[in-house]
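For the sequence shown, the positions run -17 to -1, 1 to 314 when mature numbering (1 follows the signal peptide of the UniProt record, and there is no 0) is used.
Structure first, then comments.
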Amino acid sequence: MSRIALLALLFATPVLAEEVNVYSHRQPELIQPLIDQFTAETGITVNLAFVDKGMAERLKAEGSRSPADLVLTVDIGRLMELVGADVLQPVDDPVLEANIPAEFRDPGDLWFGLTSRSRVVYASKDRVKPGEVTTYEDLADPKWKGRICVRSGLNDYNVALVAAYSLHHDAAETKAWVEGLKANLARKPQGGDRDQAKAIWAGECDIALGNTYYMGQMLADPEQKDWAEAVNVVFPTFEGDGSHMNISGMALTKSAPNKEAALKLMEWLSSDEAQKIYAETNHEFPVKPGVERSALVASWGDFTPDTLSLADIAAARPAAVKLIEEVDFDN
C-alpha cells in the first residue's frame, strides 16, 4: 500500500469518542450542570443512569459485564455497601490525594468524598428562641415533647446520626436518647426532610432534623420557599464535639470499561471549578480546601464539624439500624 493510500485510510477511520458511564444515587438534575461543563471542556460524553435503590446488588449481578465506570452516592452508608459488595477498585491518584483531604477519603482509596453536609435542626422562627436547642442530646429533653418532626428513623441520614451518637455515648445512653427522641415526636415519622420544614410552617411541630442542602432547594422552589423561610438553620453539636457530617461521594467500579476517561472525570470533580459548581448547585460544602461555600450556605453561619471518622460511623450503622428497629421508632 502506498504512503498516500495509507494516510487516506487513517484519516478515513473514525476516531471513537471517549465516554464515561455513571450510576448515580443523586437525582440527574442535581449533577447535570457538572456533567455538562465536564463534557464541554473535555469532549468526553457522560452517560448517566439514576439508580435509586439496589446499586450494590445491580453491580454485583452485572459483574465484569457491567457498563458502569463510576458511581456517585449520597451517603457514607451507600459507599460502604459498595465496598462490602466488592464491586469497587482502588484509585491511587496524586490529583485526588492532593484535592481531597484524608478524612474525606477511604483509607484504601476505594471511595472519595465530593461534598459534605451537616445534619442540622430546622427550628421555627416564631416558636423557638435562639439557643433553645444547641446539642443533639437536647432532642431527647422532655421540653420538646410533641414538638419534633422527623422522617423515618431508618432513613440513611438518620441511621448515620444514630451511629455517630453511639460513638459518642455508651449503648444504654444511645438507646435512652433514641427512645427520648421518639417520645418527643409530634407525629409518626414520615416524608422527607423538606416535609419536616413544611410541617413546622404549618404549625404541626416546632423543630425537625434535616440536611442543610434541602434549605437551598426549598428556597429555589416557589411552592416551597415559605417552608424554608419559616425556619432557622441550627447547627447542633454532640456534647464536647461538633456537628454531625456526612458526604456525597464517588468510586470507580471494578469493571470500569472506560477507566481512563472515568479517572479524568474523578479528577475534574475534585477540582476548584467543579467543587464551586457543586457547591453553588447543590448548596453543600466543598471538600477541597480553599473553595468557598456559596453565599447562601455561608449565610447559615459557621460551625464546627464533628471529629468522628466517616469510616467509623459507617461501621456503626448495622448496630444503629438494629437499635432503631428495637425501639420501633417509626411506629
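Yeah, the Cβ is synthetic: ideal placement off N, Cα and C, and Gly gets one too.
What does the alpha-carbon distance come out to for the pair residue i and residue j?
| i | j | result |
| --- | --- | --- |
| P50 | A302 | 34 Å |
| A180 | Q258 | 27 Å |
| D139 | V145 | 10 Å |
| F312 | V142 | 11 Å |
| T22 | P16 | 10 Å |
| G67 | L291 | 21 Å |
| D189 | R110 | 6 Å |
| M38 | K112 | 43 Å |
| G223 | I14 | 36 Å |
| V78 | A85 | 13 Å |
| A129 | E256 | It should be noted that the sequence gives Gly, not Ala, for residue 129. Each residue's alpha carbon lies about 45 Å from the other. |
| residue 315 | V214 | Nothing about residue 315 can be reported from this structure: the residues present for the chain run from -17 to 314 only. |
| T25 | E250 | 12 Å |
| R306 | K158 | Per the sequence presented here, residue 306 reads as Leu, with Arg not at that position. Roughly 7 Å between the two C-alpha positions. |
| residue 333 | A147 | What the structure shows of the chain is the stretch from -17 to 314, and residue 333 is not part of that stretch, so it cannot be assessed. |
| V270 | D58 | 14 Å |
| S277 | H266 | 7 Å |
| A299 | H151 | 11 Å |
| E263 | A203 | 12 Å |
| D92 | I18 | 23 Å |
| A44 | D209 | 44 Å |
| T287 | T220 | 8 Å |
| V3 | K242 | 8 Å |
Just verifying my parser: in three-state terms, what is the DSSP assignment at residue i?
| i | result |
| --- | --- |
| N167 | coil |
| V161 | helix |
| A239 | coil |
| V216 | strand |
| V70 | coil |
| Y119 | coil |
| E308 | helix |
| S47 | helix |
| R130 | coil |
| P301 | helix |
| G232 | strand |
| P125 | helix |
| R41 | helix |
| P288 | strand |
| P269 | strand |
Please state whether the Cβ-Cβ distance between residue i and residue j is less than 7 Å.
| i | j | result |
| --- | --- | --- |
| A244 | E1 | yes |
| V103 | V216 | yes |
| S231 | L53 | no |
| L122 | L168 | no |
| S254 | I83 | no |
| P172 | S135 | yes |
| S238 | S47 | yes |
| L62 | R9 | no |
| M201 | S101 | no |
| L176 | S226 | Rather than Leu, the amino acid found at residue 176 in this sequence is Asp. No, Cβ-Cβ distance for D176 and S226 is not below 7 Å. |
| L65 | V133 | no |
| E162 | V310 | yes |
| A185 | M198 | no |
| F218 | S99 | no |
If I follow the unbroken alpha helix (DSSP H) through residue i, where does it start and stop?
| i | result |
| --- | --- |
| G67 | 59 to 67 |
| A146 | 139 to 151 |
| T28 | Per DSSP, T28 belongs to no alpha helix (DSSP H); it is in the beta strand (DSSP E), 28 to 33. |
| N314 | N314 -> no alpha helix (DSSP H), and no H or E assigned at all. |
| I83 | From DSSP, I83 is part of no alpha helix (DSSP H); its letter is neither H nor E. |
| A(-1) | Element bounds for A(-1): n/a, residue is neither H nor E. |
| L55 | L55 -> not in any alpha helix (DSSP H); beta strand (DSSP E) instead, spanning 53 to 56. |
| W184 | 176 to 184 |
| T22 | 11 to 25 |
| S282 | 278 to 282 |
| L293 | 293 to 298 |
| residue 384 | Lying outside -17 to 314, the shown extent of the chain, residue 384 is not represented and no answer is given. |
| Q258 | 255 to 265 |
Closer than 6 Å: is that where the CB of residue i sits relative to any heavy atom of the ligand GDP?
| i | result |
| --- | --- |
| L17 | Of the ligands one can find in the structure shown there are none, so the ligand GDP has no counterpart to examine. |
For residue i, report the span of its beta strand (DSSP E) as first-last.
| i | result |
| --- | --- |
| R100 | 95 to 107 |
| L192 | 190 to 194 |
Since residue i and residue j should fall inside the 8 Å C-beta cutoff, what is the C-beta to C-beta distance between them, to a whole number of angstroms?
| i | j | result |
| --- | --- | --- |
| Y261 | I183 | About 28 Å; that fails the 8 Å criterion. |
| A294 | P90 | 7 Å |
| T30 | V5 | For the sequence presented, residue 30 should be read as Asn rather than Thr. The Cβ separation is near 7 Å, so the contact holds. |
| V195 | L42 | Before going further, note that residue 195 is Thr rather than Val in the sequence given. So it is not a contact: roughly 29 Å between Cβ atoms. |
| E74 | L246 | Inspection of the sequence shows that residue 74 is occupied by Val rather than by Glu. Correct: roughly 7 Å between the Cβ atoms. |
Using 7 Å as the limit for Cβ to Cβ distance, is residue i near chain C?
| i | result |
| --- | --- |
| V133 | Absent from the structure is chain C; it holds one protein chain and no more. |
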